[in-house]
Amino acid sequence: MCLAVLSFIADFYTVYQIVANAVIFDFWTSRWIIAILLAALLTVGGFAFLAIGGSSGSLDSALIIFAALYVICSLIVYLFWAFRVTVQQVTPQDFFGFFVLFGILIWAGAGIMYHKEKEALIFPAFGYAAGSLAFVVLLVNRYVGQEVPFEFWSFFEQMIVLIIGIVLFIGLFTKFEWALD
-17 MCLAVLSFIA
-7 DFYTVYQIVA
3 NAVIFDFWTS
13 RWIIAILLAA
23 LLTVGGFAFL
33 AIGGSSGSLD
43 SALIIFAALY
53 VICSLIVYLF
63 WAFRVTVQQV
73 TPQDFFGFFV
83 LFGILIWAGA
93 GIMYHKEKEA
103 LIFPAFGYAA
113 GSLAFVVLLV
123 NRYVGQEVPF
133 EFWSFFEQMI
143 VLIIGIVLFI
153 GLFTKFEWAL
163 D
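Set out below in structure tokens:
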């Protein structure tokens, strides 16, 4: 269990370095790829150590704190991703980069919460519901209020981001019981 905590601490430090050194949105550079691979490997290692090790009250509390931080980071990335695809033109490489970064963060955070404190998944569910509603308001403002010309690829990207937020709201709200049975 201690190795799991150390792995998640190293993973969170890696994510911190990605943000602090402005690598977070510098998609597909060598620094970004190495940092994302390290974050993913440390996450997988943490889950492996978690599965191998036993359970302890204080370590479980630490893991819940890290899970909450990962979920908060994933919500921030989701909101920024939604804002970028609505306001600016996003290249397919950047879109996929957002998807990979977001996926690692939500997988780590929700995965730990699911295994350690399943009932806590309700809180990020409401975050994704509010984020998705704010995104819909941005879309209405874009297409109705500003009368921006319709572009298929841009609209397709926006719908993918919106569907991800809605699926996460439903999944986290129901604790993914429908998908894991």
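Residue numbering for the sequence shown is -17 to 163, as defined by the working numbering. Idealized CB from N, CA, C, for every residue including glycine.
With burial defined as no fewer than 16 other Cβ atoms inside 10 Å of the residue's Cβ, what is the status of residue i: buried or exposed?
i	result
MET141	exposed
PHE78	exposed
THR68	buried
GLY91	buried
PHE134	exposed
Check the C-beta distance from residue i over to residue j and give it rounded, since I have them as a contact under 8 Å.
i	j	result
VAL57	TYR110	Here residue 57 is Leu; the residue named in the question, Val, does not match the sequence. That pair is a contact at about 7 Å.
LYS157	LEU103	5 Å
GLY127	PHE29	About 44 Å; that fails the 8 Å criterion.
From residue i to residue j, what does the alpha carbon distance come to, in whole angstroms?
i	j	result
VAL118	PHE84	19 Å
CYS55	TRP89	11 Å
ARG66	ASN123	14 Å
SER12	ALA33	31 Å
HIS97	PHE105	15 Å
ALA2	GLY35	32 Å
GLU139	ILE16	26 Å
LEU20	TYR(-2)	12 Å
PHE7	ALA116	22 Å
GLN70	ALA112	22 Å
Keeping to the same chain, check which residues put their C-beta closer than 8 Å to that of residue i; ignore five residues upstream and five downstream.
i	result
LEU24	SER(-11), PHE(-10), ALA(-8), ASP(-7) and THR(-4)
ILE18	ILE0, VAL82, LEU83 and ILE86
TYR125	PHE132
PRO74	none
Looking only at its own chain, which residues have a Cβ that is under 7 Å from the Cβ of residue i, when we skip the five neighbours before and after it?
i	result
ALA107	PHE151, LEU154 and PHE155
SER114	LEU144, GLY147, ILE148 and PHE151
ASP42	LYS98
VAL72	ARG66 and GLU139
Compute the distance between the beta-carbons of residue i and residue j, then report whether it is under 8 Å.
i	j	result
VAL(-13)	TRP63	no
PHE31	LEU(-15)	yes
ASP76	PHE137	no
ILE46	GLU99	yes
TRP14	VAL26	no
PHE80	VAL53	no
For residue i, which residues in the same chain have their Cβ closer than 6 Å to its Cβ, ignoring the five residues on either side in sequence?
i	result
MET95	ALA49, ALA102 and LEU103
ALA22	ILE86
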